[in-house]
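Before any comments, here is the structure.
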Amino acid sequence: MKCFLYMRVSTVQQNIERQEKVLLDYAKDNNLTVSDRYYWEKESGAKLERPQLMALLDFAQIGDAIIVEQVDRLSRLNASDWELLKAKIKEKDLLILSPELPSITGMIDKDNRILSMIGSFLSDLVLELLVSTARKDLEDRKRRCDEGRKIAQAKGVKMGRPTNIELQNKIRELLLDGMSWSRIQKLLSCSRSTIQKVRKSIDDSELSEL
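In the working numbering, the protein residues as written are 15 to 224.
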């Protein structure tokens, strides 16, 4: 079994090098064989079609493993997209490993193989639980942001002309998904000043570690 590192950040402020060190230390501590092919990207975990993740899934062989710092680095997908990604993972019987899954790591033998069908079942069960938690966390963040917007509007805080509200909502969702300002500009054909106004209406905590 060969292990591949997959690292993802949503914003330029987040640090790939820190994730890399955490994963390499984890692999060393658990005697895991790590490929020299690393995969990393700046994309939202709520997006299924991530170029580096898809490249990794294509390159990996049956029975290999993907190491992530946290399961939310792999997926914050909605339920239907998660089923599509899970199918790709199961197609090659890939194992998901993470420092936050010590019980699964403990079931790998000296040849880097999971010890039993029970271990495989437990791995799937824990992964499903953590992915669901990550998805709910993202949905809660977006809900709180939407509630904050409505409260601000009720207090008379100006959120822009009525004709711009739909655009602002789209910008808000993309910011929460970690998309860069430049990509939002291209996607929605809006100005940076418009994005800046929406960004100011979002609490910093809503954008942390998406």
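Each residue gets a CB set at the ideal place from its N, CA and C atoms; glycine is no exception. The structure presented is a predicted model; accordingly, all values stated were derived computationally and were not measured.
Helix, strand or coil at residue i [DSSP, three-state]
i    : result
R22  : strand
A41  : helix
C159 : helix
V82  : coil
L181 : helix
I216 : coil
E55  : strand
L76  : Note that residue 76 is Ile in the sequence shown, not Leu. I76 falls in the coil class under three-state DSSP.
G133 : Bear in mind that a pLDDT of 45 at G133, under 50, signals an unreliable position, so the model cannot answer this.
L111 : strand
Nearest candidate by alpha-carbon position, reference residue i, set the options
i    : options                : result
K56  : V23, P116, S203        : V23
S194 : R213, L181, N178       : R213
S49  : K35, S89, L201, F18    : F18
L190 : W54, D160, N44, D43    : D160
K100 : I198, K184, L71, R158  : L71
L10  : Q210, S207, L181, K211 : Nothing about residue 10 can be reported from this structure: the residues present for the chain run from 15 to 224 only.
G77  : Y53, D107, Y40         : D107
N183 : A168, S196, K211       : K211
P113 : A69, Y40, E34, S207    : Y40
Beta-carbon proximity check, residue i vs residue j, cutoff 9 Å
i   : j    : result
V85 : I110 : yes
E83 : L46  : no
S94 : A166 : no
The stretch 58 to 68 contacting the stretch 25 to 45, beta-carbon criterion three pairs below 8 Å: no
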